[in-house]
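Numbering (numbering that gives the first Met the number 0), first residue to last: 0 to 455. Where a beta carbon is used, it is the ideal one built from N, C-alpha and C, also for glycine.
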Amino acid sequence: MNSELLKTILDPVIGAGPLFMIFIVFSVIGLVLRLKFLKAIRNGLMIAVGFGGVYIVVDYFLGHVAPAAQALAEKFGGVFSYTDVGWAANAAFAWGSPWAYLIVIIMIGVNLVMIATKMTDTLNLNIWDFWEPIFADLIFYAITGNIVLTLIFAAAIAWFILVLTDFNAQRGYCKDIGFEGLAFYQGGNVIWAPIAHYIAKVLDKVGLKEAKFTPDYIQEKFGVIGEPAILGGIIGLLMGIGAGFFWVDIVMLMIALATSLVLIPMMSGIVMQALVPVSEAAATFMKKSAGGRQLFIGVDPAIAVGNTTVLATTVLMIPIMLVLAFIIPGVGMVPLADLPSLLFIWVFLVAPNHFDIVRTLITATIVGALGTILGIWVAPWSTLVAKASGLEFAPGTGSSSMMNIFSPELFFAGMLGENYAKLGYFGVIAVLVVGIAVTIVFRLRYLKKNKSAANA
0 MNSELLKTIL
10 DPVIGAGPLF
20 MIFIVFSVIG
30 LVLRLKFLKA
40 IRNGLMIAVG
50 FGGVYIVVDY
60 FLGHVAPAAQ
70 ALAEKFGGVF
80 SYTDVGWAAN
90 AAFAWGSPWA
100 YLIVIIMIGV
110 NLVMIATKMT
120 DTLNLNIWDF
130 WEPIFADLIF
140 YAITGNIVLT
150 LIFAAAIAWF
160 ILVLTDFNAQ
170 RGYCKDIGFE
180 GLAFYQGGNV
190 IWAPIAHYIA
200 KVLDKVGLKE
210 AKFTPDYIQE
220 KFGVIGEPAI
230 LGGIIGLLMG
240 IGAGFFWVDI
250 VMLMIALATS
260 LVLIPMMSGI
270 VMQALVPVSE
280 AAATFMKKSA
290 GGRQLFIGVD
300 PAIAVGNTTV
310 LATTVLMIPI
320 MLVLAFIIPG
330 VGMVPLADLP
340 SLLFIWVFLV
350 APNHFDIVRT
360 LITATIVGAL
370 GTILGIWVAP
380 WSTLVAKASG
390 LEFAPGTGSS
400 SMMNIFSPEL
410 FFAGMLGENY
420 AKLGYFGVIA
430 VLVVGIAVTI
440 VFRLRYLKKN
450 KSAANA
């Protein structure tokens, strides 16, 4: 089946958006796990309903925060060569590629092979967010022009992302945020969880070990001030004043943030309730077929962004990200369209920091600086994909996305692609093979350690 035929068949599916995929995938998984037909369909619908609610509230949140972020950016001034067009534009470029669906098949195949060989504990069902690694693959292809090597690169990237996804779930970070049995899958962004893990270890050694400034602590010490709605209102008030909003707009921003902090956890609860039968059926299936081995279900971390620490960090990081863009030499893009959307990055930082707002803010500042630096290289490479999709730019200008510059697979794709001429065909493959071999060694050690612990 050629790529054009796959595109014709799957274009309507991609065009329908993530909720369509969520319903179909979880309904089919329910049937595979031998749930009754109506129960499988109901669970698929309710999971889609929960995610639908999350997406609606997140869009509402972003729609009100974005104007404030833009107002703050305009106050900073400055001239930049690249435009932050937002992740949605780059997702459209990725899914619009004739190679996208072939890459999807490769990524699903890699996941199944890794499960069969015990190289991963994650069954990823978040197909929609494949767009991010696909975008990385398109960067590699735009630089090298070699489709065979690009598909090999795609398989390797799929492998690396699943290894990182496991890290987050195995250490209980998804469970800590309230989603037991799940793994947050969102392309290379998952790398920020292990990075946050090790930053947290450093913070433990410098006198910040105890998590004091959590939402629960604030509520315990200051009463209603610690409630999600009140915290959202306070943060909205401060942000609105900083942006120079009219008082009516400040009040609306307060309401928007309060609404988001209250409603997103409710929508996430619907998802979790609907996932219970699927998780139980999966556990029963694995007990019969694989000796009780546990598999994490890979889902969109959007269900966790309603955590109070995540949303507080998102708003507090807006001025910090703007400052970083101006003080780091060589930065060619000011955060704009995607600035509020960075909550999908910060969501990986809260659990390693025990939901402490101060610790998370410190970690987010470090991560924000690293992501901004990566963007110096990623922005020109992202522009290559945009040009291949038909966009035109004035000389010396281009487009990128703040969400994308935080995705290390884009940086890896660009760097490896740029060195293709030096490394050659087999040199690139050797780099990928060595990387995979290293992950296999760590995985085998992990399995051996778990086996020893089970036998103790």
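- For T121, the three-state secondary structure derived from DSSP is strand.
- With fewer than 16 other Cβ atoms from the protein chains shown falling within 10 Å of its own Cβ, S451 counts as exposed.
- W98 is the residue among I439, I249, W98 whose C-alpha sits nearest the C-alpha of T7.
- Residue environment analysis places I146 among the exposed positions, since fewer than 16 neighbouring C-beta atoms fall within 10 angstroms of its C-beta.
- When the alpha-carbon of M253 is set against those of G423, I269, A228, P276, the nearest one is in A228.
- Per DSSP, the continuous beta strand (DSSP E) segment holding S399 begins and ends at 397–399.
- The alpha-carbon of L150 is positioned some 32 angstroms away from that of I46.
- Rounded to the nearest whole angstrom, the CA to CA distance from I194 to E209 is 19 angstroms.
- A straight-line Cα-Cα distance of about 30 angstroms links A303 and A385.
- Rounded to whole angstroms, the Cβ separation of T164 and T121 is 5 angstroms, and the two are in contact under 8 angstroms.
- Shown here, V346 sits in coil according to DSSP, grouped into three states, outside any helix or strand.
- No Cβ-Cβ contact shorter than 8 angstroms links V189 with S398.
- In the structure shown, F405 adopts coil according to DSSP, grouped into three states.
- With 16 or more other Cβ atoms inside 10 Å of its own Cβ, V277 counts as buried.
- Contact check for F295 and L181: beta-carbon distance about 6 angstroms, within the 8 angstroms limit, so the pair qualifies.
- D355 carries a coil assignment under DSSP once its states are collapsed to helix, strand and coil.
- Beta-bridge partners of V298 (DSSP): F183.
- Rounded to whole angstroms, the Cβ separation of S400 and A88 is 7 angstroms, and the two are in contact under 8 angstroms.
- Within a 10 Å sphere around the beta-carbon of L161 sit 16 or more other beta-carbons, which makes this residue buried.
- Going by DSSP, T308 is part of the alpha helix (DSSP H) stretching over 307–326.
- F139 is the residue among F139, F441, D128 whose C-alpha sits nearest the C-alpha of N418.
- By the Cβ test, the stretch 264–273 is in contact with the stretch 299–313, since at least three Cβ pairs between them sit closer than 8 angstroms.
- Inter-residue distance for I361 and L310 is about 15 angstroms (C-alpha atoms, whole angstroms).
- Per the Cβ contact rule, the stretch 110–129 is not in contact with the stretch 357–373 (fewer than 3 Cβ pairs under 8 angstroms).
- If you check the CB distance, A199 and R33 do not come in under 8 angstroms.
- In this chain, D136 is not harboured by any beta strand (DSSP E); it is covered by the alpha helix (DSSP H) spanning 130–143.
- A straight line joining the alpha-carbon of N306 with that of F325 spans about 29 angstroms.
- Inside the stretch 14–64, DSSP marks whole alpha helix (DSSP H) runs of 4 or more residues at positions 17–31, from first to last along the chain.
- The criterion of a C-beta distance shorter than 8 angstroms is satisfied by A39 and G29.
- Distances from the CA of G239 to each of G232, H353, I249, Q169 were compared; the closest alpha carbon is that of I249.
- Cβ neighbours of G62 within its own chain (closer than 6 angstroms, five residues either side excluded): none.
- For D165, the three-state secondary structure derived from DSSP is helix.
- Between the alpha carbons of P264 and G231 lies a distance of about 14 angstroms.
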